[in-house]
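Enquirer: Protein chains in written order, with the numbering used here: chain A, 1 to 658; chain B, 1001 to 1252.
Every residue gets a Cβ at the ideal spot worked out from N, C-alpha and C, and that includes glycine.
Note that the structure is predicted; figures quoted are calculated from it, not measured.
Structure in structure tokens, see below.
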Ligand SMILES: Cc1cc2nc3c(=O)[nH]c(=O)nc-3n(C[C@H](O)[C@H](O)[C@H](O)COP(=O)(O)OP(=O)(O)OC[C@H]3O[C@@H](n4cnc5c(N)ncnc54)[C@H](O)[C@@H]3O)c2cc1C
Ligand code: SF4
Ligand code: SF4
Ligand code: FES
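Put into structure tokens, the structure is as follows:
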């Protein structure tokens, strides 16, 4: 039998973890990436990575609580078995990273230090300064480099994935990619393809993401028939620095280390913030959420900042919406732990955040949705059957998706520091899956296929590429991108409204139409970056439609998807009897809403745009419950919900695992 | 503030052609950096004298000086374009911003250069921890906070190329491995298990193109955007290779 190959597209944390694990199993990998893998977007991650530890365990923590925090944080939209498996693995994942040489911060005695992140009450987050993503990806990059020298990995950096190759039986048999320097297009035959191409922040124009996070690769897979799930769930991070080119993140770790969010009580108080007395500061997160304070989950913190700045008119500045993120009271030692992000603020804002409160505002940050993938549930553990060929396999057999590009772990809202975990975890577990696939191929290996399959795919892609280059028209791709970003940011971020979403769909239609008249300013055949961007713009338009259509159809509030029109009004009566009645009808309405909407959104590509359907969510381990985070005034809801015997309670019991 | 910034870019269409300067007038924006300038040129590739041209090719990704992609020579200094703020550049050079590719690597196109030699150097010094495998074997060795604090700065090297660009000993006719790789070798030699390959690393650094080629001019450390103590690493490597050689003489 011919030697079998696996293609991994993307060398962020997910792609690298998969590559090293496949290489260890003796499997040959072609690793394809638009940028040298060491420069992948994962380097941007700042705050840390979650797992239960010896220490938190003794404070009452457990894998089950990590699991519970994750699904509660995600508003129960995740299938629970993969999430449970991930949380069970987390301590082992961190141990492995530790062995690989990641310089995690240490306690005086030499144990790994941990900080608190949003949506949990435990200090569960391991970190390496405030550049954790960089440190993690370097460790994995180094391992993959080692496998390169051993001949098991061949890297194709500055190569762009153009699409999967799918045969007549619907099996994925490889990919087509383009050399971004010489612009030559070729096929890579493979018995399994793993997409690990990250998020799609550029659909929103500006976000906290890197410039390569266009969603181009995911868009191409979608158009080739892979389903897209939960597209409308886009995380808007509460604290970023507004900028003209990028919205630079100020990590949640700033609040995890004690940073406080506030605005002056007097609108646009122009005094030096340090001179504003405590009593004249509105620490709105702490006041509204006494239990979680500044560390409520992101969707909530974002909405509160938005509410205070927009609805209450308390933005620090008049022309530019922002709130203070204050670290000035923290010790030098703590500042040192946050060095990486403080440097970013100082460098780009020219102000020292150690002595002056930072000005921040929410920004698009993460895509909970992504390509649809399957899993196999282990009925004994409630987790996954490790090695099952269903895990992370898309609806196109042989095409697997991992990392931010898939949709499986974060539901309607991701908890901070859970993404680095899900990326590495999925990379690690996809390897045994792929190994088993290689051993059980149907209809022969990639090498047994007719060459016409590969030649045909290259020709089709070459023709598309030629057509784009020779297209004549009057539209500038960068202008179209800017307009797309504006309409997406306006309609599909923090607060959503059906009229706006309909208008956005119409606008995307207009942009689609103008895209047919797009003209490239570079028609050359050497390092044509204009081509790469313009092609990705086509994919961004496609993903934008999936996001907006999903958002338009979903008439409820869940996690990051917030439509005030469909919010169930919270109980507010003063009289206890009346309050209780209100809470009862709130809970009834909540139950109804879940019956209707606790479903995965599935988008499928057609020539008339995405078609949306819904799929049931596996909530068999932890019954859904109202997500209040101890909001002042919401105690009554939790009380009534418990009494209704809906199984949820405040925290589900472990016994329900079977 | 002038509302158009004068930007001179050294252009080269491909590896085989010569280079030439092109000047652009780019409208000023608040908080603008050099990557934004290049984005604006990409959106509207017209020179200052209104001649249509091709967009300037460049590398950039993170836009927050952490990926190392966008290194280039700006007003004579090698640095990242994304953290090169126009306001600050104008303070020193109000009339023009001059952008050119790094000189120590082959130009691919315009500002895009081929930094593969740096990654190859990392292979030579075995810049990794050789673990037994990726199955669960418990945590790594315990590390004191002081050891972590020494290691962390070295581990922030983003292979950006500033140091080798500034190093007089690193060029296409020299086999010198360069300061970044030396520093990475020291990083892994200091790691409790990375140490197992210590003597292989020292062997490379003792050999052709190794530590002896460093002229100790200290240019590298001045330009490193991550403040990596490169000259400390180099000094350490000097001591360690000497001991390594002595040990070899005594047949150990
Ligand atoms: C500023 C910031 C801070 C963050 N901080 C944290 C944190 O503290 N903790 C946490 O858990 N999460 C954090 N996240 C989220 C986390 O960083 C990402 O979700 C994660 O790094 C994604 O990793 P990935 O491997 O899926 O993809 P990426 O790292 O984005 O890698 C994608 C890869 O795919 C390649 N690629 C893409 N398209 C193509 C194509 N068409 N052809 C070829 N290759 C392609 C790219 O070159 C790249 O190698 C943060 C995110 C941001 C934006
Ligand atoms: S000290 Fe050595 S490595 Fe650094 S610039 Fe000088 S010669 Fe180069
Ligand atoms: S040592 Fe500094 S200058 Fe050199 S490549 Fe690393 S980060 Fe860049
Ligand atoms: S774009 Fe990453 S360092 Fe400048």
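1. What residues match up with residue 1112 of chain B in a beta bridge as DSSP calls it?
2. Going by CA-CA distance only, name the one from A/416, A/387, A/497 and A/430 that's closest to residue 403 of chain A.
3. Please classify residue 605 of chain A: is it buried, with 16 or more other beta-carbons within 10 angstroms of its beta-carbon, or exposed?
4. Which chain B residues sit within Cβ distance under 8 Å of residue 44 of chain A?
5. Taking 7 Å as the cut-off, is the C-beta of residue 253 of chain A nearer than that to any heavy atom in ligand 3?
6. Counting only beta-carbon separations shorter than 8 Å, does residue 351 of chain A have a partner in chain B?
7. What is the residue span of the beta strand (DSSP E) that residue 1072 of chain B lies within?
8. With a 10 Å radius around its C-beta and 16 neighbouring C-beta atoms as the bar for buried, classify residue 1095 of chain B as buried or exposed.
9. Quick check on the DSSP output: the alpha helix (DSSP H) that includes residue 134 of chain A runs from which residue to which?
10. Straight-line CA distance for residue 413 of chain A to residue 1160 of chain B?
11. Examine chain B for any beta-carbon lying closer than 8 Å to the beta-carbon of residue 41 of chain A, and answer yes or no.
12. Among A/607, A/645, A/624 and A/567, which residue has its Cα nearest to the Cα of residue 222 of chain A?
13. Starting from residue 461 of chain A, follow its DSSP beta bridges and name the residues at the other end.
14. For residue 640 of chain A, which of helix, strand or coil comes out of DSSP?
15. Of all Cβ atoms in chain A, is any one closer than 8 Å to the Cβ of residue 1127 of chain B?
16. When you compare the CB positions of residue 556 of chain A and residue 597 of chain A, do they come within less than 8 Å of one another, or not?
17. Starting from the C-beta of residue 291 of chain A, find all residues in its chain whose C-beta is less than 8 Å away, skip the five residues before and the five after it, and write them out in chain order.
18. Report the option in B/1045, B/1013 and B/1212 whose CA atom is closest to the CA atom of residue 1109 of chain B.
19. Flag this pair as touching only if the stretch 3-22 of chain A and the stretch 112-119 of chain A have three or more C-beta atom pairs under 8 Å; answer yes or no.
20. Going along chain B in order, which residues have a C-beta closer than 8 Å to the C-beta of residue 526 of chain A?
21. Report buried or exposed for residue 391 of chain A, applying the criterion of at least 16 other Cβ atoms within 10 angstroms of its Cβ.
22. Could you name each continuous alpha helix (DSSP H) segment of 4 residues or more that falls completely within the stretch 300-366 of chain A, going from the start of the chain to the end?
23. Can you pull the chain B residues whose beta carbon is under 8 Å from the beta carbon of residue 111 of chain A, in chain order?
24. Between the stretch 1159-1176 of chain B and the stretch 1086-1101 of chain B, do at least 3 Cβ pairs fall closer than 8 Å?
25. Below 9 Å on C-beta distance, what does residue 143 of chain A contact in chain B?
26. Is residue 475 of chain A near ligand 4, going by C-beta to nearest heavy atom under 7 Å?
27. Quick one: what does DSSP say residue 1024 of chain B is sitting in, helix, strand or coil?
28. For ligand 2, I want to know if residue 1238 of chain B counts as a neighbour, meaning its beta carbon is within less than 7 Å of at least one of the ligand's heavy atoms.
29. Would you list, in sequence order, the uninterrupted beta strand (DSSP E) runs of no fewer than 3 residues that lie entirely inside the stretch 205-258 of chain A?
30. Compute every distance between the C-beta of residue 187 of chain A and the non-hydrogen atoms of ligand 5, then say whether any falls below 7 Å.
31. Under 8 Å between C-beta atoms, does residue 529 of chain A make it to chain B?
32. Following a CB-centred definition, is residue 428 of chain A positioned closer than 7 Å to any heavy atom of ligand 4?
33. Pop quiz: residue 494 of chain A and residue 236 of chain A are said to be a contact at Cβ under 8 Å. What is the actual Cβ separation, rounded to whole angstroms?
34. Mapping the DSSP letters down to three states, classify residue 578 of chain A as helix, strand or coil.
35. Only counting the same chain, and skipping five residues up and downstream in sequence, which positions put a Cβ closer than 7 Å to that of residue 1001 of chain B?
36. Cβ of residue 211 of chain A less than 8 Å from any chain B Cβ?
Expert: The structure says:
1. Residue 1112 of chain B pairs with B/1109.
2. Looking at the Cα atoms, A/430 is the closest of the given residues.
3. Classified as buried, residue 605 of chain A has 16 or more neighbouring CB atoms from the shown chains inside 10 Å of its CB.
4. The answer, in chain order, is 1062, 1064, 1066 and 1067.
5. Flag unset: Cβ of residue 253 of chain A not near ligand 3.
6. By this cut-off, residue 351 of chain A is not an interface position.
7. 1071-1074 is the span of the beta strand (DSSP E), which, as asked, contains residue 1072 of chain B.
8. Exposed is the call here.
9. Note, residue 134 of chain A: alpha helix (DSSP H), 132-149.
10. Rounded to whole angstroms, residue 413 of chain A and residue 1160 of chain B show a C-alpha spacing of 34 Å.
11. Cβ-Cβ to chain B under 8 Å: yes for residue 41 of chain A.
12. Taking residue 222 of chain A as reference, the option from A/607, A/645, A/624 and A/567 with the minimal CA-CA separation is A/607.
13. Per DSSP, none; premise fails for residue 461 of chain A.
14. In the three-state scheme derived from DSSP, where H, G and I count as helix and E and B as strand, residue 640 of chain A is classed as helix.
15. Yes, because at least one Cβ of chain A sits closer than 8 Å to the Cβ of residue 1127 of chain B.
16. With contacts defined by Cβ atoms closer than 8 Å, residue 556 of chain A and residue 597 of chain A form a contacting pair.
17. Taking residue 291 of chain A as the centre and dropping the five residues before and after it, the same chain places the C-beta of 121, 629 and 630 closer than 8 Å to its C-beta, in chain order.
18. Of B/1045, B/1013 and B/1212, the residue nearest in Cα terms is B/1013.
19. Because the criterion of three Cβ pairs below 8 Å is not met, the stretch 3-22 of chain A and the stretch 112-119 of chain A do not touch.
20. Those within 8 Å of residue 526 of chain A in chain B are 1013, 1014 and 1109.
21. Around the beta carbon of residue 391 of chain A, a 10 Å sphere encloses 16 or more other beta carbons of the protein chains shown; the residue is thus reported as buried.
22. Complete alpha helix (DSSP H) runs here, min 4: 332-337 and 339-349.
23. Correct list: 1142.
24. Contact fails: fewer than three Cβ-Cβ distances are below 8 Å.
25. Simply 1128, 1129, 1131 and 1134.
26. Residue 475 of chain A Cβ: outside cutoff for every heavy atom of ligand 4.
27. Residue 1024 of chain B falls in the strand class under three-state DSSP.
28. No, ligand 2 has no heavy atom inside 7 Å of this Cβ.
29. Considered as a whole, the stretch 205-258 of chain A harbours 234-241 as its complete beta strand (DSSP E) runs of no fewer than 3 residues, in chain order.
30. This structure lacks ligand 5; its bound ligands are ligand 1, ligand 2, ligand 3 and ligand 4.
31. Chain B contact via Cβ: present.
32. Every heavy atom of ligand 4 is 7 Å or more from the Cβ of residue 428 of chain A, so no.
33. In this structure residue 494 of chain A touches residue 236 of chain A by the C-beta definition: roughly 5 Å separates them, less than 8 Å.
34. Residue state, collapsed to three classes: helix.
35. Legend: pLDDT at residue 1001 of chain B = 47, less than 50; position of this residue unreliable, value from coordinates given subsequently. Correct list, in chain order: 1028.
36. Taking 8 Å as the threshold, the shortest C-beta distance from residue 211 of chain A to chain B falls below it.
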